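Residue numbering for the sequence shown is 212 to 530, as defined by full-length UniProt numbering.
For every residue, glycine included, the Cβ atom is placed at its ideal position computed from N, Cα and C.
Bear in mind the structure is a predicted one, so any value in this text is a computation, not a measurement.
In what follows, a structure is listed as C-alpha cells, so that the remarks can point back to it.
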Amino acid sequence: SWTMSAYRDKMIAKIREQVGTGRVICGLSGGVDSSVAAVLIHEAIGDQLTCIYVDHGLMRLNETEQVVTMFRDQYNIPLVHVDASKKFLGELEGQVDPETKRKIIGRLFIEVFEEEAKKLGGADFLAQGTLYPDVIESVSFTGGPSVTIKSHHNVGGLPERMNMQLVEPLRELFKDEVRALGRELGIPESFIGRHPFPGPGLAIRCPGGITPEKLDILRQADAIYLDEIRKSGQYDQIWQAFAVLLPVQTVGVMGDGRTYEFVCALRAVTSVDGMTADFYQFDMNFLGKTATRIINEVRGINRVVYDVTSKPPGTIEWE
Ligand code: XMP
212 SWTMSAYRDK MIAKIREQVG TGRVICGLSG GVDSSVAAVL IHEAIGDQLT
262 CIYVDHGLMR LNETEQVVTM FRDQYNIPLV HVDASKKFLG ELEGQVDPET
312 KRKIIGRLFI EVFEEEAKKL GGADFLAQGT LYPDVIESVS FTGGPSVTIK
362 SHHNVGGLPE RMNMQLVEPL RELFKDEVRA LGRELGIPES FIGRHPFPGP
412 GLAIRCPGGI TPEKLDILRQ ADAIYLDEIR KSGQYDQIWQ AFAVLLPVQT
462 VGVMGDGRTY EFVCALRAVT SVDGMTADFY QFDMNFLGKT ATRIINEVRG
512 INRVVYDVTS KPPGTIEWE
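And the structure:
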C-alpha cells in the first residue's frame, strides 16, 4: 500500500542515519518479525548486515533449509548458519521440567550467538524484530524497554553484555503492519502468513525428555497435520496449529499384531494476539482422516487425540 511504501522509505532513511558505516548483526529465527527486520535493514545498509541463524535442532521438518535458502540465495543476505543441535540436544538430554528446558535453551542460544558474533569480529549494532506489543509488555513487566518477555527470540540481555546499540525498525508496528511491510518488501505470502512458532521450538511440544528419535516422530506427524490443514484451505483461519508428542505409550492393533506406541495430540487455536485463544472447531471427518494418515505414515505413533482446551485455562503450547 502507499502508506507502507512511505513507511518503508522512512525507515530505510532512519536506519542509514543510525548505523552510518557501522556493522550490524541480526539474529534470525525463521519467524516473520526477525525476517522482515532483516530484509528491511539489508535494503538500507546492504552487506553491513550479517544475519546469524542459530540452529538448535528443534525446528520443524525442512524448516532450517527453507530459511537459510531464502535469506542466503534469494535475498543474498550474508548469513551465518550455526548448527548447534548437538550442543542443545546434549544439554537437554534427560531434562523433563518445562522451565528447565526453556532456561537451558535460552542460555545456550545467547552463548552460541555471542560466540558467533565474536567470530565475526563483533558489531556495533544488534538488530531485533521487536514489535510495539513487545515494547509495551516489557515496560509493564520490567520497567526497561530494551528487555522483552520473549527473551529467547529477541536475544534479550545480549546488547548489554556485548556493548551493542539496538536497531529495532519494527518498534512502532503491530503484527498485521509488520506483515504488510513484509509484503511491501516482496517477502513471499507463504512466509508472511506463517503461524507463530515459539523460540524453544519443538522442545516445548515434546513433554518430558527429548530425544532425536522423538523429535523425528514429532516432525513427521506435524508435517502431515499441516499438510492436511493447507490442503483443506483452513490454514489462514487458524492462528496456530501443531502436533505434540506425548510421553505416553498405548496399546493398538495393526494387521495381526499388537502395537505399543506413542500418543500424538493435535492442537489448533484461533486468536487475535495469542493472549487468549479458542480451540479450533475442525470437522470430525477432517480429524479422522488426518489421524489415519499420521498413524499409517509415522512409525512410533498409534493413537491421535485432539486438544479441545481454550486459553485460559490452558495455554496454547503444552509447556
Ligand atoms: P502460550 O503457550 O503461552 O503461548 O499460550 C502464547 C504464544 O506465544 C508463543 N510462545 C513463544 N514464543 N518464545 C517465543 O518466541 C517462547 O519462548 C514462546 N513460548 C510460547 C506460542 O507459540 C504462542 O503463539
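| Item | Value |
| --- | --- |
| 8 Å contact criterion, which alanine 452 and isoleucine 440 should meet: CB distance rounded | 6 Å |
| Where the beta strand (DSSP E) containing proline 458 begins and where it ends | 451 to 465 |
| Same chain, Cβ closer than 7 Å to leucine 369, neighbours up to 5 away in sequence not counted | Ile321, Phe324, Glu325 and Leu337 |
| Runs of beta strand (DSSP E) lying entirely within the segment 232 to 271, each at least 3 residues, in chain order | 235 to 239 and 260 to 266 |
| Opening and closing residue of the alpha helix (DSSP H) in which glutamate 302 lies | 296 to 303 |
| Contact test: glycine 485 Cβ vs the ligand XMP heavy atom, cutoff 7 Å | yes |
| Cβ-Cβ distance between valine 247 and valine 389 below 8 Å | yes |
| Valine 323, enclosing alpha helix (DSSP H) - first and last residue | 309 to 330 |
| Rounded distance between the beta-carbons of glycine 268 and serine 296, thought under 8 Å | 3 Å |
| Whole-Å CB distance - threonine 261 paired with isoleucine 236, under 8 Å assumed | 5 Å |
| Member of Thr275, Thr311 and Asp308 whose CA lies at the smallest distance from the CA of glycine 294 | In the sequence under discussion, the amino acid at residue 294 is aspartate, which differs from the glycine named in the question. Comparing Cα positions, the closest option is Thr275. |
| Length of the line joining the Cα atoms of glycine 419 and serine 521 | 22 Å |
| Simplified DSSP state of isoleucine 505, which is helix, strand or coil | helix |
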